[in-house]
Amino acid sequence: MLVLAAGLGGAGASRTPALARLAAQGRAFESAFAPDPDPGRARAALLGEGEAALAARLQARGVAVASLGDAEALPLDATRLDLSLPGSIADTALAGRLAAWLRAQQRFVLLASVGEARGPTPGTPQPAALAGALAPPLPRIATADLGFADPPGGELRPAAWSEPARRRAEAAQLGRAVAADRELAALVALVEREAPGAAVIVVSDPWPDTGAHGILERRDALFDDTLRATLVVTTPGLSRPGRASARLASTLDAVPTLFELLGLGLEPARGARSLLPLLADPNAAGRDETLSSVPRKAGRLGRSLRSARFRYTEWPDGSRELYDHEADAGEIVNLSGRPEHAAAVRELQQALRSRMARTGAAAAAVLPPEPRPRAAPRNVVLIVVDDLGTRVGAWGAPVKTPAIDRLAARGVRFERAYAQVAMCSPSRVSMLTGWRPERTGVWQNQDPPRPRGAVPLQEHFAAHGAFTVSIGKVYHSPADFHWDLREEHPDVVEERDPSAAGEGIEGLWVKAAGGDLDQPDGRRARRAAAVVAGAARRPFFLALGLVRPHVRWVVPQRYFALYPPDSIALRPTPADDLVDVPAIAVKTQPQPLPGLPLAGREPPGLVHDPGFQREAIAAYQACVSFADAQVGVVLDALDRHDRWKDTVVVLVGDNGFHLGEHGGLLRKDTLFEEALHVPLVIAAPGLARHGAVVRAPVELVDLYPTVVELAGLAPPPVLDGLSLVPLVEAPDQDGRGGARSWRRVQPPERAYSLRTSRLRYTLWPDGSEELYERGGPAPESENLAALAGWSAEKASLRARLEALVAPSPEASR
Numbered sequence: 038m039l040v041l042a043a044g045l046g047g048a049g050a051s052r053t054p055a056l057a058r059l060a061a062q063g064r065a066f067e068s069a070f071a072p073d074p075d076p077g078r079a080r081a082a083l084l085g086e087g088e089a090a091l092a093a094r095l096q097a098r099g100v101a102v103a104s105l106g107d108a109e110a111l112p113l114d115a116t117r118l119d120l121s122l123p124g125s126i127a128d129t130a131l132a133g134r135l136a137a138w139l140r141a142q143q144r145f146v147l148l149a150s151v152g153e154a155r156g157p158t159p160g161t162p163q164p165a166a167l168a169g170a171l172a173p174p175l176p177r178i179a180t181a182d183l184g185f186a187d188p189p190g191g192e193l194r195p196a197a198w199s200e201p202a203r204r205r206a207e208a209a210q211l212g213r214a215v216a217a218d219r220e221l222a223a224l225v226a227l228v229e230r231e232a233p234g235a236a237v238i239v240v241s242d243p244w245p246d247t248g249a250h251g252i253l254e255r256r257d258a259l260f261d262d263t264l265r266a267t268l269v270v271t272t273p274g275l276s277r278p279g280r281a282s283a284r285l286a287s288t289l290d291a292v293p294t295l296f297e298l299l300g301l302g303l304e305p306a307r308g309a310r311s312l313l314p315l316l317a318d319p320n321a322a323g324r325d326e327t328l329s330s331v332p333r334k335a336g337r338l339g340r341s342l343r344s345a346r347f348r349y350t351e352w353p354d355g356s357r358e359l360y361d362h363e364a365d366a367g368e369i370v371n372l373s374g375r376p377e378h379a380a381a382v383r384e385l386q387q388a389l390r391s392r393m394a395r396t397g398a399a400a401a402a403v404l405p406p407e408p409r410p411r412a413a414p415r416n417v418v419l420i421v422v423d424d425l426g427t428r429v430g431a432w433g434a435p436v437k438t439p440a441i442d443r444l445a446a447r448g449v450r451f452e453r454a455y456a457q458v459a460m461c462s463p464s465r466v467s468m469l470t471g472w473r474p475e476r477t478g479v480w481q482n483q484d485p486p487r488p489r490g491a492v493p494l495q496e497h498f499a500a501h502g503a504f505t506v507s508i509g510k511v512y513h514s515p516a517d518f519h520w521d522l523r524e525e526h527p528d529v530v531e532e533r534d535p536s537a538a539g540e541g542i543e544g545l546w547v548k549a550a551g552g553d554l555d556q557p558d559g560r561r562a563r564r565a566a567a568v569v570a571g572a573a574r575r576p577f578f579l580a581l582g583l584v585r586p587h588v589r590w591v592v593p594q595r596y597f598a599l600y601p602p603d604s605i606a607l608r609p610t611p612a613d614d615l616v617d618v619p620a621i622a623v624k625t626q627p628q629p630l631p632g633l634p635l636a637g638r639e640p641p642g643l644v645h646d647p648g649f650q651r652e653a654i655a656a657y658q659a660c661v662s663f664a665d666a667q668v669g670v671v672l673d674a675l676d677r678h679d680r681w682k683d684t685v686v687v688l689v690g691d692n693g694f695h696l697g698e699h700g701g702l703l704r705k706d707t708l709f710e711e712a713l714h715v716p717l718v719i720a721a722p723g724l725a726r727h728g729a730v731v732r733a734p735v736e737l738v739d740l741y742p743t744v745v746e747l748a749g750l751a752p753p754p755v756l757d758g759l760s761l762v763p764l765v766e767a768p769d770q771d772g773r774g775g776a777r778s779w780r781r782v783q784p785p786e787r788a789y790s791l792r793t794s795r796l797r798y799t800l801w802p803d804g805s806e807e808l809y810e811r812g813g814p815a816p817e818s819e820n821l822a823a824l825a826g827w828s829a830e831k832a833s834l835r836a837r838l839e840a841l842v843a844p845s846p847e848a849s850r
């Protein structure tokens with residue numbers, strides 16, 4: 038049994054008798070540290086995710102796995118467990134279900150959580166409680182949330198806690214520990230009764246801050262106080278039970294220890310090692326060090342190495358900390374800059390580098406690799422614009438986009454570029470890994486955005502010595518991606534303008550006061566321009582993600598003034614447009630009968646009012662022009678600093694957006710042209726033909742190998758995309774002759790769509806088909822799939838599509 042115990046530590050044996058009893062029966066590790074001071078991240082590192090999740094690895098070896106605790110406490114996929122009990126052992130009905138399950142098992146692991154997971158840090162002091170005292174100085178980045186505008190380095194001196202505040206914090210923590218211990222006692226008693234002889238491993242969250250370093254802006258600092266954790270292991274036949282071990286340990290060590298106790302052998306685990314030698318002899322040789330890390334807004338991870346004597350910490354802005362535990366157990370005096378400790382710093386630096394090298398490429402989630410310069414790549418500027426369809430001047434739309442048009446005149450414009458999935462995260466992950474969604478497994482925005490085994494584009498550049506920067510929305514959600522500098526973006530739905538007053542259908546669009554710099558995208562573009570201006574000694578890979586024109590459509594008033602709604606011409610749409618569209622084309626669930634028409638089954642939210650349509654289109658186009666202006670800021674920086682000669686520049690939309698087509702759609706996530714067709718422009722040094730146009734259909738999955746080749750690098754061994762460099766060099770070629778896109782209807786059911794130069798064919802999992810011939814005033818308004826004159830063409834496209842798509846990984850499980 039593996040128990041994750043929130044708040045169970047530092048309270049003393051008399052106040053936590055259940056934990057003390059386990060320590061007396063087994064082995065307590067007095068110098069155990071978490072890989073991250075944040076409880077949620079520490080638990081996630083221990084439990085893993087996806088196919089690499091601890092539960093999945095155990096089940097693959099024939100071990101039954103159950104969970105006990107709420108979803109926040111246990112980041113597990115409950116649908117894949119043998120038993121999931123979302124609650125507390127104090128629930129008698131739940132305890133009865135667990136007891137029955139335990140009695141039926143031969144070999145099992147129970148992943149349980151006790152105590153209040155991710156609770157607030159207790160006793161947070163208020164400034165009024167202070168007497169003006171100051172704690173010891175610290176590097177600013179250690180506890181402050183610095184951004185791009187902040188200069189590197191520097192110190193701060195946090196205000197100290199008052200003694201009453203400290204006592205309140207300790208009392209609150211004691212209360213949490215006592216409550217957790219009470220739950221632990223009940224759980225252990227049940228397991229001992231129903232499964233006698235079971236091993237028990239207790240791992241606590243990192244102990245909460247009680248003020249040793251003052252009032253910190255961030256609590257996820259890299260100190261012994263914030264990283265220390267409780268770790269106790271008990272198992273039958275233990276040598277010298279009750280003897281604690283003072284050897285260094287990581288909470289991650291619980292995983293290989295668990296595998297060995299189950300008789301599964303020693304499973305290699307990232308940054309972890311088995312505790313079995315220390316279970317046999319508490320004084321046996323153990324770790325030389327433990328490693329912890331923490332993310333920071335202005336850069337990659339801060340990393341901390343704890344040896345038997347020292348704690349050494351490196352921050353991405355160059356700041357360092359060194360504490361000598363023989364003389365300074367409280368880590369008060371930073372010795373990193375003192376000449377007499379220079380040798381210790383060098384030794385610990387080398388140990389840190391060595392530890393990272395041993396951890397290998399799989400450790401990118403915990404520790405980013407140091408750049409290893411090989412053949413220096415060209416610079417790359419990648420601009421990803423959210424929900425940007427082809428309502429762009431260079432694509433013939435009546436929208437003012439002078440910057441994008443200017444880039445198209447300098448580079449190559451791909452007239453028919455298509456997203457793999459018409460949704461943010463699946464599209465971006467596919468584009469930035471070079472893998473199709475069938476391989477990434479990312480079909481929804483909620484799916485974890487880092488596929489196992491993929492080499493994200495920016496990490497491939499980092500491995501070749503490039504300085505990597507992410508500004509704004511590059512991936513849909515933050516994940517364990519390596520960037521040298523990264524500015525996280527808030528969820529786009531949560532972005533709010535202070536001047537928003539609920540204009541336009543409950544605030545769908547807002548004419549904001551102020552100028553471009555008052556909008557997040559305006560500030561992002563200028564930070565990107567600063568990167569272009571400041572990069573000199575190393576090649577750089579800069580990714581800028583602009584959020585507009587994603588809804589809400591909030592941009593300064595002057596952009597709305599460009600598009601009076603009365604001037605918007607609506608595309609003609611046949612009155613019976615939905616009669617030959619299968620309902621499954623828009624619905625998210627399979628329909629009861631194949632081929633049911635959408636007419637009469639329209640989802641709520643369809644827009645039928647022409648006046649509203651005009652206003653919505655005007656607002657969207659205003660956002661497109663605003664985004665274009667921000668692109669212009671970056672292009673101007675490339676001009677000023679003469680960067681075109683050594684920089685590959687790419688502009689792309691992640692997916693399109695419907696603005697009233699097909700009966701009034703106002704969304705994406707379809708397999709129609711408007712949701713999948715996106716602008717793609719590539720400019721690179723040495724182009725033979727500026728302003729060239731490629732009319733062959735291409736896919737966004739092709740972007741990865743294209744950028745790599747244009748930058749002068751070799752691609753990773755396994756990519757699904759094809760380099761577009763042959764089309765860049767000879768734009769009149771046919772390419773692969775088609776572009777594929779996907780839509781997940783209900784796992785594992787998927788639809789597939791093939792776009793050729795003239796046709797679009799779509800096959801749905803219920804057997805429904807669509808076939809459209811492009812062109813005319815209302816494209817994709819007549820479904821030709823049921824017409825006899827098109828049967829041969831349809832059969833040919835279906836056979837071609839079925840030959841190209843891979844079987845569903847979910848269906849094969």
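Going letter by letter, the sequence shown gives residues 38 to 850 in my numbering.
Note that beta-carbon positions come from the ideal geometry of N, C-alpha and C, so glycine has one too.
Since this is a predicted model, take the numbers as computed values, not measurements.
Counting along the chain, D676 sits inside no beta strand (DSSP E); it lies in the alpha helix (DSSP H) bounded by residues P647 to R677.
The C-alpha of V436 is placed about 11 Å away from the C-alpha of D442.
Secondary structure at E786: strand, using DSSP grouped into helix, strand and coil.
Here DSSP, grouped into helix, strand and coil, assigns L599 to coil. For R487, the closest of W472, A130 and R563 by C-alpha to C-alpha distance is W472. Close CB contacts of Y809 within its chain, under the 6 Å cut and outside five residues either way in sequence, are with R797 and E817 (chain order). A straight-line Cα-Cα distance of about 10 Å links W520 and L579.
In the three-state scheme derived from DSSP, where H, G and I count as helix and E and B as strand, G339 is classed as strand. As the crow flies, the alpha-carbon of G191 is around 33 Å from that of D679.
It is roughly 58 Å from the alpha-carbon of V568 to the alpha-carbon of L275. The stretch 202-211 makes no contact with the stretch 364-377, as fewer than three CB pairs between them are under 8 Å.
The beta carbons of L221 and L56 sit about 6 Å from each other, so the pair counts as a contact at 8 Å. One Cα belongs to V547, the other to V591, and the distance between them is close to 5 Å.
Judged by beta-carbon spacing, V661 lies within the 8 Å limit of P586, meaning their Cβ atoms are closer than that value.
For S507, the enclosing beta strand (DSSP E) stretches over residues F504 to G509. Per DSSP, the continuous alpha helix (DSSP H) segment holding S462 begins and ends at C461 to T470. By the C-beta criterion, the stretch 777-790 is judged not to be in contact with the stretch 490-500, since fewer than 3 inter-stretch pairs fall below 8 Å. If you draw a straight line from the Cα of G648 to the Cα of P602, it comes to about 8 Å. Taken atom to atom, the span from the alpha-carbon of T684 to that of E297 is near 52 Å.
Here H250 is buried: its Cβ has 16 or more other Cβ atoms, across all protein chains shown, within 10 Å. By the criterion of a C-beta distance shorter than 7 Å, T625 is surrounded in its chain by V782, once the five residues flanking it on both sides are discounted. By the Cβ-count criterion, Q667 is buried, with 16 or more other Cβ atoms from all chains shown falling within 10 Å of its own Cβ.
Between the alpha carbons of L672 and R704 lies a gap of roughly 30 Å.
With fewer than 16 other CB atoms across the displayed protein chains lying within 10 angstroms of its CB, L554 is exposed. Secondary structure at E109: coil, using DSSP grouped into helix, strand and coil. Below 8 Å, enough C-beta pairs join the stretch 758-767 and the stretch 733-743 to call them touching: three or more. Straight-line spacing of the CA atoms in A90 and Q143 works out to 22 Å. Under a 10 Å Cβ-count criterion, G300 is classified as exposed, with fewer than 16 other Cβ atoms of the shown protein chains found around its own Cβ. Between V421 and V479, the CB-CB gap reaches or exceeds 8 Å.
For E67, the enclosing beta strand (DSSP E) stretches over residues R64 to F70. According to the DSSP assignment, L688 belongs to the beta strand (DSSP E) that extends over T684 to G690. Taken through DSSP and simplified to helix, strand or coil, W546 comes out as strand.
Under the three-state reduction of DSSP output, V228 falls in the helix class.
Distance from V765 to H497 at the Cβ level is roughly 19 Å; contact not present, criterion being Cβ atoms closer than 8 Å.
Going by beta carbons, P243 and P74 fall inside the 8 Å limit. Taking a cut-off of 8 Å on C-beta distances, the stretch 279-294 does not touch the stretch 96-104, as fewer than three cross pairs fall below it.
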